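Residue numbers (our numbering): 378 to 467. Structure first, commentary second.
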Ligand code: FES
């Protein structure tokens, strides 16, 4: 969770990445997928692949996965969630 928003957080080559908790195709939980050898997140349901650097659907089905900026600080990991009036870390 980032604030009240569910997100999927993944460790990719020593970097923390964050994306939407649900797949844009049919709503599968992205946290139940896996990271492939190229660092893409793979949905557990139909295996569509998405870049965690921008959300592009690299397997070509035409969907887009929302990704979030991540900042690692001494007191924790902050995910930039867009709010109506700016950004909120959490
Ligand atoms: S639900 Fe993720 S690819 Fe279909």
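Just so it is clear, CB atoms sit at the ideal spot from N, CA and C, and this is done for glycine as well. Please read all numbers here as calculations on a predicted model, not as lab measurements.
Check: residue i C-beta below 7 angstroms from any heavy atom of ligand 2
i           : result
residue 425 : Here the bound small molecules are ligand 1; ligand 2 is not part of this structure.
Residue span of the beta strand (DSSP E) that contains residue i, given as start and end
i           : result
residue 437 : No beta strand (DSSP E) holds residue 437; DSSP gives it neither H nor E.
residue 453 : 453-456
residue 450 : 447-450
Classification of residue i by the beta-carbon crowding that lies within 10 angstroms, buried from 16 upward
i           : result
residue 446 : exposed
residue 427 : buried
residue 390 : exposed
residue 425 : buried
residue 395 : buried
residue 378 : exposed
residue 401 : buried
Contact under 8 angstroms by Cβ, residue i with residue j
i           : j           : result
residue 421 : residue 438 : no
residue 380 : residue 454 : no
residue 429 : residue 387 : yes
In chain order, each beta strand (DSSP E) run of at least 3 residues that lies wholly inside the segment 380-409:
384-389, 392-397
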